[in-house]
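Report on one structure; see the data block that follows.
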Amino acid sequence: MASSAESPPPASPGAGEGGLAHHRGVSLTGEGGLLQRILALREGGIIVVTLLVGLYFTLNTSTFFGTANFKTLLPYVAPFAIFGAGEVFVMVLGEIDLSIGGTFLFAPYLFFKLSASAGLPLLPAVIVALLACTLVGLINGFFVAFVGISSFVTTLGMLFTLEGLTLIISHGEPVNTPGAQVTHTEAKVEHIVNGHHIVLTESVNHLGTFAKIFGAGTYSEIIWAVVIVFVLQLVLTFTRWGLYTVAVGSNKLGAAEAGVRVRLVIVRNFVLCAMTGGLVGILEAVRSATVQPDTAGANEYLFLGIAAAVIGGTLLAGGSGTVAGALIGALFLGVLKDGLILQGVNADYLLFYTGLAIILAMTINIYVSRVRRGHSSG
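Just so we're aligned, residue 1 is where the sequence shown starts under the numbering used here, counting upward by one.
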């Protein structure tokens, strides 16, 4: 971590665009309607698009706006939000991390080996699996920051390496996730029928505490996502780590001359991103109660996680980004897919419509950003 003796670098042009908490040139408390205030936010464009898409499906699908569907939607949104949150810290540097698809696939299998085969308790097994992901991030950061290899090439190679390693150790076979099994117990339940008390024996399903916390609980995964997004948004906006991240992404040479340890910033951001990939893998394995050696599924999670970050307002060129926007971007993707499924859209068309919607959402987002910058400069 950077020494406290270092003096913070001068504020870069993108430093004030970290998210919801910091905006220059636009007053959120001045006169104007609710829509104007929303559009004044960096995430304003995608917020409006998400609301419009949600409104469309609410009006055209009777079951969309309901508790049952809400519970179905949340587990889809959460992993992309966590993926996007980690990816933002790398993308603000002007880099990209494709290896999170590999840690997503590898971490659950390592967790399985440590717990089921080696007999390690569940929580220590999770911690060791995530530490292995930090090693992946260290390797990625080393090759990018010290060797000078492109982050795209480095992390693409790591993605293939981890996916291949997972297939080797799993032999391509799915396994049951440790600690995620449902236990069945018999319980006596009293019913009143026509004034008579009748006692019946019913089977009751129970989830362990570990499973409820690490993804199998109805709201556990979205709670993880919200907490991670909230903490990382605070880090990016208000801490020296976040300030240095934006400074390095805006101007590496200028940041180095100002006393920022650029290589250290790059390495630790890759470590953070790799850990989020591993955490999502474990959460999803516990939620589904199965560890699947599915490389296609891992790659889909990877690209939709990156899409969530980009849709949410993080620039691929670096220097500016928002973790909160990644959560909104993930929500947009979740609402879109859920709504299309409820409308009975053929599965063959889902990716087609998703791709068109992403392009349209980004077009609107960029247009709103240009209008906002025009008002700000004016």
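Even for Gly, the Cβ is constructed at its ideal location relative to N, Cα and C.
Beyond the five residues adjoining it in sequence on each side, Leu-340 comes within less than 7 Å, by CB distance, of Leu-350 and Tyr-353 in the same chain, given in chain order. Arg-287: member of the alpha helix (DSSP H) spanning 262 to 288, first to last residue. Taking a contact to require three or more Cβ pairs closer than 8 Å, the stretch 103 to 122 and the stretch 261 to 269 do not qualify as touching.
With a cutoff of 8 Å on beta-carbon distance, Leu-98 and Leu-156 are scored as near each other. Spatial neighbours of Ile-222 in its own chain (CB-CB distance under 7 Å, excluding positions within 5 residues in sequence) are listed in chain order as Leu-74, Val-77 and Ala-78. About 5 Å separates the beta carbon of Val-286 from that of Ala-180, a gap short enough to meet the 8 Å contact definition. If you check the CB distance, Thr-72 and Asp-338 come in under 8 Å.
Partner residues in the beta bridge of Asn-176, as assigned by DSSP, are Thr-290. Residue environment: Ala-118 is assigned as exposed (fewer than 16 neighbouring CB atoms within 10 Å of its CB, all protein chains considered). Taking C-alpha positions only, Ala-309 is separated from Asn-299 by approximately 16 Å.
Runs of alpha helix (DSSP H) with 4 or more residues, each lying fully within the stretch 228 to 265, are found at 240 to 250 and 252 to 257, listed in chain order. Under the criterion of beta carbons closer than 8 Å, Asn-269 and Gly-313 do not qualify as touching, at roughly 18 Å.
The Cβ atoms of Phe-210 and Leu-122 sit closer than 8 Å to each other.
Exclusion of the five residues before and after Leu-304 leaves Phe-80 and Leu-333 as the residues of its chain whose Cβ lies within less than 7 Å of its Cβ. With a cutoff of 8 Å on beta-carbon distance, Leu-130 and Met-362 are scored as not near each other. Take Gly-208, set aside five residues on each side of it, and the residues of its chain with a beta-carbon closer than 7 Å to its own are Gly-179, in chain order. Going by DSSP, Glu-163 is part of the alpha helix (DSSP H) stretching over 151 to 170. Put simply, the backbone Cα of Cys-133 is about 44 Å away from that of Leu-59. Contact between Pro-174 and Thr-295 is ruled out by a C-beta separation of about 13 Å, above the 8 Å threshold. With contact defined as three or more Cβ pairs closer than 8 Å, the stretch 315 to 324 and the stretch 86 to 93 are in contact.
Sequence-distant partners of Leu-342 (beyond 5 residues in either direction) whose C-beta falls short of 8 Å from its own C-beta, in its chain, are Phe-57, Thr-61, Thr-63, Phe-64 and Asn-69.
Excluding residues up to 5 positions away in sequence, Phe-143 lie with their Cβ nearer than 6 Å to the Cβ of Ile-149 in the same chain.
In this structure, the CA atom of Leu-114 is about 8 Å from the CA atom of Val-128.
Ile-168 sits exposed, since fewer than 16 C-beta atoms from the chains shown fall within 10 Å of its C-beta. Considering only Tyr-301, Val-368 and Ala-347, the residue with the shortest C-alpha distance to Phe-83 is Tyr-301. For Pro-108, the uninterrupted alpha helix (DSSP H) segment begins and ends at 100 to 112. A direct Cα-to-Cα measurement between Gly-215 and Gly-329 gives close to 21 Å. When rounded, the separation of the alpha-carbon atoms in Leu-232 and Val-323 is 7 Å.
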